[in-house]
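Protein sequence lines correspond, in order, to chains V and U. Position one of the first sequence corresponds to residue 415 (my numbering), numbered consecutively onward. Position one of the second sequence corresponds to residue 415 (my numbering), numbered consecutively onward. Even glycine gets a Cβ: it sits at the ideal position worked out from N, Cα and C. First up is the structure itself, then whatever we jot down about it.
There are 2 protein chains.
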Amino acid sequence: MKLEILAKTDGRNLQKTIISKIRDHINLKNLEPGDKLPSERMLSEKFGVTRSNVRDAIQKLEFYGLLESKPQSGTFVANIGVIAMNGMIDDILRLEEPGFKSLVETRILLELKTVRLAALRRTDEDLKTMKEALEAYNQKVIAGEDAVQEDLLFHLAIAKASRNSTMNNFMLLITPKIITNFEKYHVCDKNLANQGIEEHIAIYEAIKSQDPKLAKQKMKDHFNVLYQYCYNIKKSS
Amino acid sequence: MKLEILAKTDGRNLQKTIISKIRDHINLKNLEPGDKLPSERMLSEKFGVTRSNVRDAIQKLEFYGLLESKPQSGTFVANIGVIAMNGMIDDILRLEEPGFKSLVETRILLELKTVRLAALRRTDEDLKTMKEALEAYNQKVIAGEDAVQEDLLFHLAIAKASRNSTMNNFMLLITPKIITNFEKYHVCDKNLANQGIEEHIAIYEAIKSQDPKLAKQKMKDHFNVLYQYCYNIKKSS
DNA sequence: CCTTTTAAATTGGTTAGCCAGTTTTAACAG
DNA sequence: CTGTTAAAACTGGCTAACCAATTTAAAAGG
Chain V
415 MKLEILAKTD GRNLQKTIIS KIRDHINLKN LEPGDKLPSE RMLSEKFGVT RSNVRDAIQK
475 LEFYGLLESK PQSGTFVANI GVIAMNGMID DILRLEEPGF KSLVETRILL ELKTVRLAAL
535 RRTDEDLKTM KEALEAYNQK VIAGEDAVQE DLLFHLAIAK ASRNSTMNNF MLLITPKIIT
595 NFEKYHVCDK NLANQGIEEH IAIYEAIKSQ DPKLAKQKMK DHFNVLYQYC YNIKKSS
Chain U
415 MKLEILAKTD GRNLQKTIIS KIRDHINLKN LEPGDKLPSE RMLSEKFGVT RSNVRDAIQK
475 LEFYGLLESK PQSGTFVANI GVIAMNGMID DILRLEEPGF KSLVETRILL ELKTVRLAAL
535 RRTDEDLKTM KEALEAYNQK VIAGEDAVQE DLLFHLAIAK ASRNSTMNNF MLLITPKIIT
595 NFEKYHVCDK NLANQGIEEH IAIYEAIKSQ DPKLAKQKMK DHFNVLYQYC YNIKKSS
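Next up, the structure:
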């Protein structure tokens, strides 16, 4: 077990090492936006690692918009100067795994915004999707079954109706992680789920009547109950 | 040029096709959390694509927390039921590339929160980092040079001081894309940069004196100027 | 029939080599 | 010396073979 963890952190540290070496190279050679990096083969030889490792590191930096790979041509420094490049790579390297608290804070922030935007921008089709998710949730709760999935889908339907693909994407990223934590700490019990029905309906109605302020307030109420309960669980565990 | 775009969309569509086929398989076989997917080899044969393509698709679903690959063992359905799985994959497939407006909206939302959290949680070290970024910015502006990078680093320093790794990560993700758009539309002119000095100082002082409300207000002021200018640019272009 | 042991098959990950474009170099004509 | 052309070298992506760990099957022992 220990070894498995070590292996994983080893892989992580290897990637971080390669990323920092790429940064060093950029600094040493004073590469500016648009300049070409050495080929993956040369970098892998220079760093004493496999080409796959280099590719993975480059892919990560591409994901953060710092590099850009062009097929059959090369990898290029993105339209970002060396100063910002250094600062950002530094931040990326020091970025730690998000804890539960971090995820919850971000979720609340995002949802209080998406619900507002959804109230302003929702189409009739969005409304239909939300209503379906809402009714699926209610049905499960009334039947006394677990409704975590349906709850998730209702909230994601709101995110989609917000018509902001960045926030929608972020919601898709963090929600599953939160759900996993919820189930781990056994949040979302039956009685809480019953209360959730009314709260969801209130949110839905506010979005339907295109009242952003009310929608935000109802979402706030929803979270208040949920996370008060949640933090109690956390403290007692 | 047309062909290049076609090739890219082809690759994208291929991955989306594979992802939807994986979803279909999960539905058809009624796979539940913890169940094992067929091996990458079998899936690649079944779908008539290369193993690399299957791996990439699985990696993406892993990124969104829907699958989990264990070395020398197999790929497993994450702790998420079929209903949520279907909904999420559907959302992921329909997710569109974020536009400029989407990015700006999200940035404002995130920064109004991170600046508040930074005021509450900043350590003395955070404060030092922010001050350094601030002074680097001022120096460049006073010298009449472009200070986009230094501006970026100041805002990222705030994100780091917020002590929320999820928001910090999100900021790192969207900021470069916004910067690119800024430079494309030639936002951030000299006169605007001069005004930026005072606004940055006001934000910094509010964080220093641990006044979250004031910090948020000063950030709001900062954005007001910036994006009023920005939207004018957009409209005229 | 059940438990233990062992060997064969299967797995995700890794590696070396191949491919189709791109880029650089060199050859050559004017 | 310059502009054009062709060919050689280089590039990121892709393919197939390989690897070590794991899982399954079967064989052995009780």
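As assigned by DSSP and simplified to three states, the class of residue i
i, result
"residue 481(V)", "strand"
"residue 419(V)", "In this predicted model, residue 419(V) has a pLDDT of only 39, less than 50, meaning its place in the structure is not dependable; the value taken from the coordinates is given anyway. Helix."
"residue 450(U)", "strand"
"residue 501(U)", "helix"
"residue 462(V)", "coil"
"residue 543(V)", "helix"
"residue 489(V)", "strand"
"residue 626(V)", "helix"
"residue 576(V)", "coil"
"residue 509(V)", "coil"
"residue 649(V)", "With a pLDDT of only 49 at residue 649(V), under 50, the local geometry of the prediction cannot be trusted, and the value read off the model is given with reservation. In the structure shown, residue 649(V) sits in a helix (DSSP, three-state: H, G or I)."
"residue 558(V)", "coil"
"residue 467(U)", "helix"
"residue 445(V)", "coil"
"residue 537(U)", "coil"
"residue 610(U)", "helix"
"residue 494(V)", "coil"
Contact under 8 Å by Cβ, residue i with residue j
i, j, result
"residue 479(V)", "residue 591(U)", "yes"
"residue 616(U)", "residue 632(U)", "yes"
"residue 580(U)", "residue 512(V)", "yes"
"residue 446(V)", "residue 491(V)", "yes"
"residue 548(V)", "residue 614(V)", "yes"
"residue 656(V)", "residue 428(V)", "Absent from the model: residue 656(V). The displayed extent of chain V is 415 to 651, so no value can be given."
"residue 426(U)", "residue 503(U)", "no"
"residue 532(V)", "residue 621(V)", "yes"
"residue 476(U)", "residue 487(U)", "no"
"residue 505(V)", "residue 586(U)", "yes"
"residue 571(V)", "residue 537(V)", "no"
"residue 509(U)", "residue 582(V)", "yes"
"residue 526(U)", "residue 634(U)", "yes"
"residue 562(V)", "residue 596(V)", "yes"
"residue 472(V)", "residue 555(V)", "no"
"residue 440(U)", "residue 463(U)", "no"
Contact set between residue i and chain V, taken where Cβ atoms lie within less than 9 Å
i, result
"residue 502(U)", "566, 567, 570, 586, 589, 590"
"residue 527(U)", "519, 520, 523"
"residue 563(U)", "494, 495, 496, 497, 498, 499, 501"
For residue j and residue i, believed in contact at Cβ under 8 Å, the rounded distance
i, j, result
"residue 550(U)", "residue 564(U)", "5 Å"
"residue 577(U)", "residue 535(U)", "4 Å"
"residue 594(V)", "residue 569(V)", "Contact doesn't hold; Cβ gap of about 15 Å is too wide."
"residue 540(V)", "residue 498(V)", "In fact, because the Cβ distance is near 37 Å, the residues do not count as touching under 8 Å."
"residue 461(V)", "residue 443(V)", "Actually they are not in contact, since the Cβ atoms of residue 461(V) and residue 443(V) sit about 15 Å apart, beyond 8 Å."
"residue 523(V)", "residue 523(U)", "7 Å"
Partner residues on chain U for residue i, Cβ-Cβ distance less than 9 Å
i, result
"residue 559(V)", "Those do not exist, as residue 559(V) stays about 11 Å from chain U at its closest Cβ, beyond 9 Å."
"residue 478(V)", "586, 587, 590"
"residue 593(V)", "479, 493, 494, 498"
"residue 486(V)", "Within 9 Å Cβ-Cβ: nothing; residue 486(V) doesn't reach chain U, min ~11 Å."
"residue 630(V)", "Those within 9 Å of residue 630(V) in chain U number zero; the least Cβ separation is about 13 Å."
Beta-carbon neighbours of residue i, restricted to chain V and to distances below 7 Å
i, result
"residue 578(U)", "516, 519, 520"
"residue 510(U)", "579"
Residue i: contacting residues in chain U (beta-carbon distance under 7 Å)
i, result
"residue 506(V)", "586"
"residue 574(V)", "505"
Interface partners of residue i on chain V, CB under 8 Å
i, result
"residue 581(U)", "516, 519, 520, 523"
Contact test: residue i Cβ vs the ligand ZN heavy atom, cutoff 7 Å
i, result
"residue 573(U)", "Absent from the structure shown: the ligand ZN. Ligands present: none."
Taking a Cβ distance cut-off of 8 Å, strictly less, list which residues of the stretch 428-451 of chain U are near chain V, in chain order.
none
Short of 7 Å Cβ to Cβ, which residues in the stretch 531-555 of chain V face chain U?
none
To be precise: take each residue of the stretch 451-478 of chain U, compare its Cβ to all Cβ atoms of chain V, and keep it if any distance is under 9 Å. Which residues remain?
477, 478
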